[in-house]
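In what follows, a single structure is set out as structure tokens and then discussed.
Structure below.
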């Protein structure tokens, strides 16, 4: 993957809050990181690094609709709020909203946090889909009660027999 993209992000399969993620743009570093992880038997996945201005979006989808979205920004490439990032509510364009909704449909998820970034040309990319997304930062930035949205959706689905 490194030889194909020349700049990659390596993430542990089982991780959160930006821990264990590494950006690699040097062949020697790539070799050493992969060798160490091979010996440790870590399971990880590799993504092409996309230049994104140190910001991305977390889009919350519940029951086939976007209930909230934030733009996260940081001084480094990891935008996680737990790593010092900041968040503000964002109004999605229709392309980005449809991308988040299609991601939820493709994954068969009633509840999903979709992380989307845009490259230097403005093209959106789904970089992660979280089936158990954290929402504290989203709730603080938007002042929405996300747990109430979830409870209402679950109640309605159960009442209508769609559980």
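Numbering (our numbering), first residue to last: 140 to 302. Ideal Cβ placement from N, Cα and C applies to all residues, glycine included.
Item                                                                                                                                                                             : Value
May I have the straight-line CA-CA distance separating residue 186 from residue 148, to the nearest angstrom?                                                                    : 5 Å
So, helix, strand or coil for residue 236, using DSSP?                                                                                                                           : helix
Whole angstroms are fine: how far does the CA of residue 286 sit from the CA of residue 280?                                                                                     : 15 Å
Among the candidates 243, 273, 202 and 241, whose CA atom is the shortest distance from the CA of residue 296?                                                                   : 202
Does the Cβ of residue 168 have 16 or more other Cβ atoms within 10 Å, making it buried, or fewer, making it exposed?                                                            : exposed
Roughly how many angstroms lie between the CA atoms of residue 164 and residue 235, to the nearest whole one?                                                                    : 28 Å
Drop a sphere of 10 angstroms on the beta-carbon of residue 211, count the other beta-carbons inside from all chains shown, and report buried for 16 or more, exposed for fewer. : buried
With a 10 Å radius around its C-beta and 16 neighbouring C-beta atoms as the bar for buried, classify residue 228 as buried or exposed.                                          : exposed
Quick one: what's residue 252 bridged to in DSSP?                                                                                                                                : 199 and 269
Quick one: Cα of residue 198 to Cα of residue 300, how far?                                                                                                                      : 27 Å
Spatial neighbours of residue 266 within its chain, please: C-beta separation below 6 Å, excluding the five flanking residues on both sides.                                     : 254 and 256
Which residues share a DSSP beta bridge with residue 149?                                                                                                                        : 161 and 185
Give me the Cα-Cα distance between residue 226 and residue 172, rounded to the nearest whole angstrom.                                                                           : 31 Å
How many Å lie between residue 232 and residue 145 at the Cα?                                                                                                                    : 31 Å
Is DSSP giving residue 168 helix, strand or coil here?                                                                                                                           : helix
If you compare alpha carbons, which of 277, 246 and 252 is closest to residue 271?                                                                                               : 252
Where DSSP assigns a beta bridge to residue 214, which residues make up the other side?                                                                                          : Answer by DSSP bridge pairing: none, since residue 214 is not bridged.
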